[in-house]
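In our numbering, the protein residues as written are 3 to 90.
Read the structure below first, then the notes.
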(Lines of atoms letter the chains of each structure in order from A and count residues from 1; the text may use other names and numbers.)
(Lines give C-alpha, C1' and ligand atoms only; values in the text may rest on other atoms or scores of the structure.)
Protein backbone atom coordinates (compact mmCIF):
# COMPACT_ATOMS: atom_id res chain seq x y z
CA UNK A 1 0.00 0.00 0.00
CA UNK A 2 1.41 3.33 -1.01
CA UNK A 3 0.36 6.22 1.18
CA UNK A 4 0.62 9.71 -0.21
CA UNK A 5 -0.63 12.55 1.94
CA UNK A 6 -2.13 15.31 -0.16
CA UNK A 7 -2.37 18.88 1.01
CA UNK A 8 -5.61 18.28 2.94
CA UNK A 9 -3.95 15.42 4.94
CA UNK A 10 -6.57 12.81 4.05
CA UNK A 11 -5.45 9.35 2.98
CA UNK A 12 -7.32 7.75 0.12
CA UNK A 13 -7.85 4.01 0.68
CA UNK A 14 -8.87 1.54 -1.97
CA UNK A 15 -11.02 -1.57 -1.57
CA UNK A 16 -7.89 -3.75 -1.49
CA UNK A 17 -6.43 -1.69 1.35
CA UNK A 18 -9.55 -2.20 3.45
CA UNK A 19 -9.62 -5.99 2.93
CA UNK A 20 -6.78 -6.41 5.41
CA UNK A 21 -8.89 -5.20 8.35
CA UNK A 22 -9.97 -8.17 10.48
CA UNK A 23 -12.76 -6.46 12.38
CA UNK A 24 -10.72 -5.46 15.37
CA UNK A 25 -11.08 -8.64 17.42
CA UNK A 26 -8.41 -9.04 20.08
CA UNK A 27 -7.89 -12.79 19.79
CA UNK A 28 -5.38 -12.93 22.65
CA UNK A 29 -8.01 -11.49 24.97
CA UNK A 30 -10.63 -13.95 23.70
CA UNK A 31 -8.31 -16.91 24.35
CA UNK A 32 -7.41 -15.50 27.75
CA UNK A 33 -11.06 -15.12 28.66
CA UNK A 34 -11.88 -18.64 27.46
CA UNK A 35 -9.09 -20.08 29.58
CA UNK A 36 -10.45 -18.12 32.54
CA UNK A 37 -13.88 -19.66 31.99
CA UNK A 38 -12.36 -23.15 31.83
CA UNK A 39 -10.38 -22.48 35.00
CA UNK A 40 -13.56 -21.32 36.71
CA UNK A 41 -15.35 -24.50 35.73
CA UNK A 42 -12.44 -26.51 37.12
CA UNK A 43 -12.66 -24.52 40.36
CA UNK A 44 -16.37 -25.24 40.69
CA UNK A 45 -15.81 -28.94 40.06
CA UNK A 46 -13.00 -29.03 42.60
CA UNK A 47 -15.12 -27.24 45.17
CA UNK A 48 -18.01 -29.61 44.59
CA UNK A 49 -15.65 -32.56 44.97
CA UNK A 50 -14.37 -31.16 48.26
CA UNK A 51 -17.94 -30.87 49.53
CA UNK A 52 -18.82 -34.38 48.36
CA UNK A 53 -16.29 -36.24 50.51
CA UNK A 54 -17.93 -38.88 52.72
CA UNK A 55 -17.28 -37.14 56.06
CA UNK A 56 -16.56 -33.46 55.36
CA UNK A 57 -14.63 -31.57 57.97
CA UNK A 58 -14.69 -27.84 58.50
CA UNK A 59 -11.57 -27.51 56.36
CA UNK A 60 -13.06 -29.38 53.39
CA UNK A 61 -16.29 -27.38 53.66
CA UNK A 62 -14.42 -24.07 53.64
CA UNK A 63 -12.22 -25.23 50.75
CA UNK A 64 -15.26 -26.43 48.81
CA UNK A 65 -17.20 -23.21 49.22
CA UNK A 66 -14.10 -21.14 48.43
CA UNK A 67 -13.51 -23.16 45.26
CA UNK A 68 -17.08 -22.70 44.11
CA UNK A 69 -17.13 -18.97 44.85
CA UNK A 70 -13.79 -18.34 43.14
CA UNK A 71 -14.88 -20.49 40.19
CA UNK A 72 -18.04 -18.46 39.67
CA UNK A 73 -15.99 -15.28 39.91
CA UNK A 74 -13.47 -16.57 37.36
CA UNK A 75 -16.26 -17.49 34.95
CA UNK A 76 -17.75 -13.99 35.21
CA UNK A 77 -14.38 -12.37 34.69
CA UNK A 78 -13.65 -14.64 31.72
CA UNK A 79 -16.96 -13.83 30.06
CA UNK A 80 -16.37 -10.10 30.59
CA UNK A 81 -12.87 -10.42 29.09
CA UNK A 82 -14.24 -12.23 26.04
CA UNK A 83 -16.93 -9.58 25.57
CA UNK A 84 -14.53 -6.65 25.84
CA UNK A 85 -11.96 -8.30 23.57
CA UNK A 86 -14.60 -9.10 20.97
CA UNK A 87 -15.84 -5.50 20.90
CA UNK A 88 -12.38 -3.89 20.48
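Even for Gly, the Cβ is constructed at its ideal location relative to N, Cα and C.
Short Cβ contact (8 Å threshold) for residue i with residue j
i: residue 80; j: residue 46; result: no
i: residue 74; j: residue 42; result: yes
i: residue 38; j: residue 76; result: yes
i: residue 67; j: residue 49; result: yes
i: residue 31; j: residue 83; result: yes
Secondary structure of residue i, DSSP reduced to three states
i: residue 62; result: helix
i: residue 83; result: helix
i: residue 43; result: helix
i: residue 36; result: helix
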